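Chains as they are written, first to last, in my numbering: chain A, 1 to 350; chain B, 351 to 730.
We put the CB at the ideal spot given by N, CA and C, even for glycine.
Quick caveat, the model's predicted, so the values are computed rather than measured.
Encoded as structure tokens, the structure appears first; notes follow it.
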Amino acid sequence: MQGNIKPGYTRTLDLKHGCIEMSHGAGGRAMSQLIQQLFLPAFDNAFLRPMNDQACFSCTAGRMVISTDSHVITPLFFPGGDIGSLSVHGTVNDIAMSGAKPYYLAASFILEEGLPLADLKRIVDSMAQTSREIKIPIITGDTKVVEKGSGDGVFITTTGVGMVPDGVLISADQAQPGDKILLSGTIGDHGIAVMSMRENLTFHADVVSDTAALHELVACMIATTPNIHVLRDPTRGGLAAALNEIAQQSSIGMMLYEREIPICETVRAACEFLGLDPLYVANEGKLVAICAPEHAETLLQVMRTHPLGTNATIIGEIIEDAHCFVQMQTLFGGNRIVDWLSGEQLPRIC
Amino acid sequence: MKYIDEFRTGEIAQKIADKIIVAIDPNRNYRFMEFCGGHTHAIARFGITDLLPDNVRMIHGPGCPVCVLPIGRMANAIQLAQLPQLILCCYADVLRIPTQNGMSLSKAKAQGADVRMIYSSQNAIEIAQQNPQRQVVFFAIGFETTTPPTAIAVKQAQHLGLKNFSVFCNHVLTPSAISHILQSPEIRQLGSVAIDGFIGPAHVSVVIGSQPYEYFAEEFQKPVVIAGFEPLDVMQAILMLIRQVNTKRATVENEYTRAVLPQGNTKAQSLVAEVFELHRTFEWRGLGVVPYSALKIKSQFADFDAEQRFQIVTPSIADNKACECGAILRGIKQPQDCKIFGTVCTPDNPIGSCMVSSEGACAAHYRYGRLRRDCVAMLE
Numbered sequence: 001m002q003g004n005i006k007p008g009y010t011r012t013l014d015l016k017h018g019c020i021e022m023s024h025g026a027g028g029r030a031m032s033q034l035i036q037q038l039f040l041p042a043f044d045n046a047f048l049r050p051m052n053d054q055a056c057f058s059c060t061a062g063r064m065v066i067s068t069d070s071h072v073i074t075p076l077f078f079p080g081g082d083i084g085s086l087s088v089h090g091t092v093n094d095i096a097m098s099g100a101k102p103y104y105l106a107a108s109f110i111l112e113e114g115l116p117l118a119d120l121k122r123i124v125d126s127m128a129q130t131s132r133e134i135k136i137p138i139i140t141g142d143t144k145v146v147e148k149g150s151g152d153g154v155f156i157t158t159t160g161v162g163m164v165p166d167g168v169l170i171s172a173d174q175a176q177p178g179d180k181i182l183l184s185g186t187i188g189d190h191g192i193a194v195m196s197m198r199e200n201l202t203f204h205a206d207v208v209s210d211t212a213a214l215h216e217l218v219a220c221m222i223a224t225t226p227n228i229h230v231l232r233d234p235t236r237g238g239l240a241a242a243l244n245e246i247a248q249q250s251s252i253g254m255m256l257y258e259r260e261i262p263i264c265e266t267v268r269a270a271c272e273f274l275g276l277d278p279l280y281v282a283n284e285g286k287l288v289a290i291c292a293p294e295h296a297e298t299l300l301q302v303m304r305t306h307p308l309g310t311n312a313t314i315i316g317e318i319i320e321d322a323h324c325f326v327q328m329q330t331l332f333g334g335n336r337i338v339d340w341l342s343g344e345q346l347p348r349i350c
Numbered sequence: 351m352k353y354i355d356e357f358r359t360g361e362i363a364q365k366i367a368d369k370i371i372v373a374i375d376p377n378r379n380y381r382f383m384e385f386c387g388g389h390t391h392a393i394a395r396f397g398i399t400d401l402l403p404d405n406v407r408m409i410h411g412p413g414c415p416v417c418v419l420p421i422g423r424m425a426n427a428i429q430l431a432q433l434p435q436l437i438l439c440c441y442a443d444v445l446r447i448p449t450q451n452g453m454s455l456s457k458a459k460a461q462g463a464d465v466r467m468i469y470s471s472q473n474a475i476e477i478a479q480q481n482p483q484r485q486v487v488f489f490a491i492g493f494e495t496t497t498p499p500t501a502i503a504v505k506q507a508q509h510l511g512l513k514n515f516s517v518f519c520n521h522v523l524t525p526s527a528i529s530h531i532l533q534s535p536e537i538r539q540l541g542s543v544a545i546d547g548f549i550g551p552a553h554v555s556v557v558i559g560s561q562p563y564e565y566f567a568e569e570f571q572k573p574v575v576i577a578g579f580e581p582l583d584v585m586q587a588i589l590m591l592i593r594q595v596n597t598k599r600a601t602v603e604n605e606y607t608r609a610v611l612p613q614g615n616t617k618a619q620s621l622v623a624e625v626f627e628l629h630r631t632f633e634w635r636g637l638g639v640v641p642y643s644a645l646k647i648k649s650q651f652a653d654f655d656a657e658q659r660f661q662i663v664t665p666s667i668a669d670n671k672a673c674e675c676g677a678i679l680r681g682i683k684q685p686q687d688c689k690i691f692g693t694v695c696t697p698d699n700p701i702g703s704c705m706v707s708s709e710g711a712c713a714a715h716y717r718y719g720r721l722r723r724d725c726v727a728m729l730e
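Quick look at the structure:
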């Protein structure tokens with residue numbers, strides 16, 4: 001009998017029916033197995049293979065950018081993406097909004113006890129595929145497990161580093177009166193795609209999340225217009241929140257033209273019956289660019305030639321305003337303020 | 351969007367605006383109250399005031415269900431939500447309504463209460479079915495628009511024999527509120543608030559029809575034009591009101607003919623009549639106690655009445671002293687007349703109920719209309 005015992009033998013992870021258990025985060029053999037059988041093969045690269053607690057890489061002299069972003073979303077899988085692809089795009093975009101070229105990512109997972117391993121594998125595979133497609137490897141990471149009820153399946157924090165090309169100074173405090181405001185495409189797609197999947201909402205919206213990595217679009221934009229003043233991806237709080245942040249940081253006002261803001265028909269309809277304003281609905285693959293008026297037309301044409309900017313438009317301009325109001329000329333011919341979002345955006349009763 | 355975009359066209363709005371300019375008598379003022387929060391929201395969101403001449407002024411009325419809910423009833427709802435094992439289901443609008451000490455349902459939720467935001471009364475029934483061991487209360491609010499769905503939920507609960515479902519009923523009635531405003535001393539005797547006519551509710555009128563407004567038009571000699579919630583509806587209704595005022599007519603006209611019938615939706619009305627009866631008195635935030643202005647659940651459905659099941663007693667709690675919501679809801683003051691508007695009281699930290707829902711006069715004005723000259727000067 002003794003002869004049948006295989007030293008070091010562990011049963012393979014049951015990726016079909018298994019679940020995350022507390023032992024997967026306890027530092028023992030189960031954790032090592034999870035990393036060896038699930039994370040490593042998916043993310044495989046030369047930085048990860050030595051299995052150190054850190055990754056070592058060389059870099060050139062210059063201005064470096066670091067950004068970190070935590071991703072929590074319900075449901076974990078939604079039309080057009082999942083928390084895995086979102087967690088890669090999110091941090092890559094935050095780095096790209098400085099004009100930088102992103103190089104590497106680190107990923108940290110907080111897993112809830114009971115999370116099906118099949119779901120985790122699907123998420124990790126999606127992250128790995130996304131990172132390979134955009135050629136930005138995940139070079140170090142960490143996992144922790146929390147007790148059932150202390151998490152929402154999985155939370156993913158990604159951190160990225162990148163380098164800003166010489167001569168580029170893009171920052172939210174650089175907008176100046178007279179500048180034009182450009183938007184790379186339709187707004188609200190991500191928020192509505194996610195909302196259509198929520199359990200107590202039974203509407204079927206034919207819309208997919210716009211989650212995408214914007215660094216290549218940014219690289220094209222900078223190649224022709226290196227002196228862009230501001231870049232921002234309007235994620236949580238939507239376009240309205242992003243523009244209000246810029247207005248505050250640059251101490252300027254804005255005048256938007258409602259007729260120029262692209263919104264897809266399904267998103268408009270969904271917002272209409274849910275009582276939401278698309279200006280406040282989240283995006284994950286769009287950017288706002290602000291540049292001097294003489295560069296706006298060139299920049300717009302460059303954006304439109306990139307697949308992620310085909311619907312780009314000039315949506316407004318920067319004006320002087322001590323109150324930092326973001327105003328909008330409505331389709332109807334009146335004026336309104338596009339204010340900060342107060343609390344969460346909640347549907348209206350009437 | 352078909353049937354929406356047609357009613358939001360800027361070119362047609364300009365044509366109506368031109369007609370309004372031709373129609374007005376420059377030697378007088380026109381003051382119209384839009385009763386409904388839906389209209390307040392549309393006026394603010396589309397910037398309708400910018401298209402009106404200076405002597406045509408819109409007064410925001412009390413038709414925002416969130417704004418008129420008294421603090422005592424909110425306090426009741428919060429107490430219910432804090433009962434162990436109870437699930438309180440509510441529409442999103444009520445989550446942020448402030449009560450005493452800044453407490454709200456969303457704060458109660460953060461402290462551990464099980465408060466669920468629902469989109470329809472059906473969701474509350476489903477939650478009750480999924481949680482047979484727990485009491486589920488639907489915190490029902492709103493005017494005649496949201497009453498029929500509550501009636502359906504009660505009937506469904508009875509049909510399903512649900513033992514753990516009840517409704518905390520706070521449904522209120524539009525006609526009683528309009529009467530109350532018209533009978534208030536400021537308008538009737540003192541003449542300090544001149545209201546020349548009303549824009550009648552859209553969705554409410556789909557249910558109750560246009561007939562209930564004929565009494566006001568005749569008794570108080572005020573024109574009423576029922577209008578849809580789209581901005582062109584509102585513009586057209588204003589033009590119709592101006593024409594009535596100019597010709598000294600006071601009748602009920604229906605601009606919203608694509609949805610409102612004189613008799614309304616009789617099926618919905620009979621459902622409501624089957625499940626609810628009139629409350630003798632009900633307190634409205636801002637208006638005070640208004641007789642026969644709210645509904646309660648009939649005794650034959652008492653098993654589903656949360657007020658009986660949990661023996662709810664409603665305290666009378668006064669508004670914050672500095673808050674002018676009451677006067678604003680009656681059309682006596684404008685949001686910018688309130689000392690705390692935009693300073694202590696903002697949509698992020700609402701003190702009064704008018705600052706909570708985007709249909710509330712103060713929130714709508716803060717969000718969309720703050721840059722108007724008078725208001726900017728005040729904030730400086």
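**OP:** With DSSP as the reference, label B:Ala-435 as helix, strand or coil.
**Re:** Residue 435 of chain B is actually Gln in this sequence, not Ala. DSSP places B:Gln-435 in coil when its eight states are reduced to three.
Original post:
chain B beta carbons: is any one of them nearer than 7 Å to that of A:Asp-339?
Top reply: Taking a beta-carbon distance threshold of 7 Å, A:Asp-339 counts as an interface residue toward chain B.
Original post:
What first and last residue would you give for the alpha helix (DSSP H) that runs through B:Met-383?
Top reply: Following the DSSP letters along the chain, one finds B:Met-383 in no alpha helix (DSSP H) but inside the beta strand (DSSP E) bounded by residues 380–386.
Original post:
Closest to B:Gln-533 by CA distance: which of B:His-521, B:Asp-443, B:Lys-683, B:Val-640 is it?
Top reply: A check of alpha carbon separations from B:Gln-533 across B:His-521, B:Asp-443, B:Lys-683, B:Val-640 identifies B:Val-640 as the nearest.
Original post:
Is A:Gln-54 near the ligand NAP, going by C-beta to nearest heavy atom under 6 Å?
Top reply: Here there are no bound small molecules, and the ligand NAP is not part of this structure.
**OP:** Taking 7 Å as the cut-off, decide whether the C-beta atoms of A:Glu-260 and A:Thr-313 are in contact.
**Re:** Yes, Cβ-Cβ distance for A:Glu-260 and A:Thr-313 is below 7 Å.
**OP:** Enumerate in chain order the residues of its own chain whose CB-to-CB distance from B:Tyr-716 is below 8 Å, with the five nearest sequence positions on each side excluded.
**Re:** Same-chain partners within the cutoff: Pro-685, Phe-691, Gly-692, Thr-696, Pro-697, Met-705.
Subject >> Complete beta strand (DSSP E) runs within the segment 246–272 of chain A (minimum length 3 residues, chain order) >> reply: Listed in chain order, they are 253–257.
Original post:
Since B:Lys-689 sits in a beta bridge, which residues does DSSP pair it with?
Top reply: Beta bridge pairing from DSSP links B:Lys-689 with no other residue.
**OP:** Answer yes or no: does any C-beta atom of chain E fall closer than 7 Å to that of A:Arg-336?
**Re:** The structure shown contains no chain E; the protein chains it does contain are A and B.
**OP:** Would you list the residues sitting across from A:Thr-158 in a DSSP beta bridge?
**Re:** A:Thr-158 pairs with A:Asp-69, A:Ala-107.
Original post:
Between B:Phe-382 and B:Ser-516, which are expected to be in contact by the criterion C-beta below 8 Å, what is the C-beta distance as a whole number of angstroms?
Top reply: With a Cβ gap of about 40 Å, B:Phe-382 and B:Ser-516 do not count as contacting.
Subject >> Any C-beta of chain A under 7 Å from that of B:Asp-653 >> reply: No, because no Cβ of chain A sits closer than 7 Å to the Cβ of B:Asp-653.
Subject >> Top-ranked residue by Cα proximity to A:Ile-222, from A:Asp-210, A:Pro-165, A:Ile-134, A:Leu-15 >> reply: Each of A:Asp-210, A:Pro-165, A:Ile-134, A:Leu-15 was checked against the Cα of A:Ile-222, and the nearest Cα belongs to A:Pro-165.
Original post:
Between the segment 142–149 of chain A and the segment 108–123 of chain A, do at least 3 Cβ pairs fall closer than 8 Å?
Top reply: A contact exists between the segment 142–149 of chain A and the segment 108–123 of chain A.
Original post:
Roughly how many whole angstroms lie between the Cα atoms of B:Ala-367 and A:Ile-134?
Top reply: If I take the Cα positions, the gap works out to 53 Å.
Original post:
Expressed to the nearest angstrom, what Euclidean distance is found between the alpha-carbon atoms of B:Lys-365 and A:Val-208?
Top reply: Using only the alpha carbons, I get a separation of about 39 Å.
Original post:
In angstroms, rounded to a whole number, what distance separates the CA positions of B:Cys-688 and B:Gly-636?
Top reply: One C-alpha to the other measures close to 14 Å.
Original post:
Apart from the five residues just before and just after A:Lys-148, which ones in its own chain have a Cβ nearer than 8 Å to its Cβ?
Top reply: Closer than 8 Å at the Cβ level, and outside the excluded window around A:Lys-148, lie Glu-112, Glu-113, Gly-114.
Original post:
Are any of the Cβ atoms in chain A nearer than 7 Å to that of B:Tyr-606?
Top reply: Contacts with chain A at 7 Å (Cβ-Cβ) do not include B:Tyr-606.
Original post:
In this structure, does DSSP put A:Ser-98 in helix, strand or coil?
Top reply: Correct three-state label for A:Ser-98: coil.
Original post:
In whole angstroms, what is the alpha-carbon distance linking B:Tyr-565 and A:Pro-234?
Top reply: Approximately 51 Å, taken between the alpha carbons.
**OP:** Report the residues of the segment 256–290 of chain A with a CB closer than 9 Å to any CB of chain B, ordered along the chain.
**Re:** Here the close residues are Arg-259, Glu-265, Arg-268, Ala-269, Glu-272, Leu-274, Gly-275, Asp-277.
Subject >> Residues sharing a beta bridge with B:Glu-627, DSSP >> reply: DSSP lists B:Lys-646 as partners of B:Glu-627.
Original post:
Rounded to whole angstroms, how far is the Cβ of A:Ile-290 from the Cβ of A:Ala-219, which I believe are closer than 8 Å?
Top reply: The C-beta distance from A:Ile-290 to A:Ala-219 rounds to 18 Å, too long to fall under 8 Å, and the pair is not in contact.
Original post:
Using a beta-carbon distance cut-off of less than 8 Å, what residues from the segment 553–581 of chain B approach chain A?
Top reply: The segment 553–581 of chain B vs chain A, Cβ under 8 Å: His-553, Phe-579, Pro-581.
**OP:** Starting from the C-beta of A:Glu-317, find all residues in its chain whose C-beta is less than 8 Å away, skip the five residues before and the five after it, and write them out in chain order.
**Re:** Within the same chain, Cβ atoms closer than 8 Å to the Cβ of A:Glu-317 are found at Gly-178, Asp-179, Lys-180, Ile-181, Met-254, Met-255, Pro-293, the five residues on either side in sequence being excluded.
Subject >> At least three beta-carbon pairs within less than 8 Å, the segment 260–272 of chain A to the segment 332–343 of chain A >> reply: Too few Cβ pairs lie closer than 8 Å, so no.
Original post:
Short check: CB of A:Asp-96 to CB of A:Ala-42, under 7 Å?
Top reply: It should be noted that the sequence gives Ala, not Asp, for residue 96 of chain A. Their beta carbons are not under 7 Å apart, which means A:Ala-96 does not touch A:Ala-42 by this criterion.
Subject >> Which residues DSSP lists as bridging B:Gly-550, in chain order >> reply: In DSSP, B:Gly-550 forms a bridge with B:Ile-576.
**OP:** Going by DSSP, name the residue or residues bridged to A:Gln-232.
**Re:** Before going further, note that residue 232 of chain A is Arg rather than Gln in the sequence given. In the DSSP assignment, A:Arg-232 forms a beta bridge with A:Val-288.
Subject >> Run of the alpha helix (DSSP H) containing B:Gly-360, from where it starts to where it stops >> reply: For B:Gly-360, the uninterrupted alpha helix (DSSP H) run begins and ends at 360–373, by DSSP.
Original post:
What residues are listed by DSSP as bridge partners for B:Asp-655?
Top reply: BP columns for B:Asp-655 point to B:Val-517.
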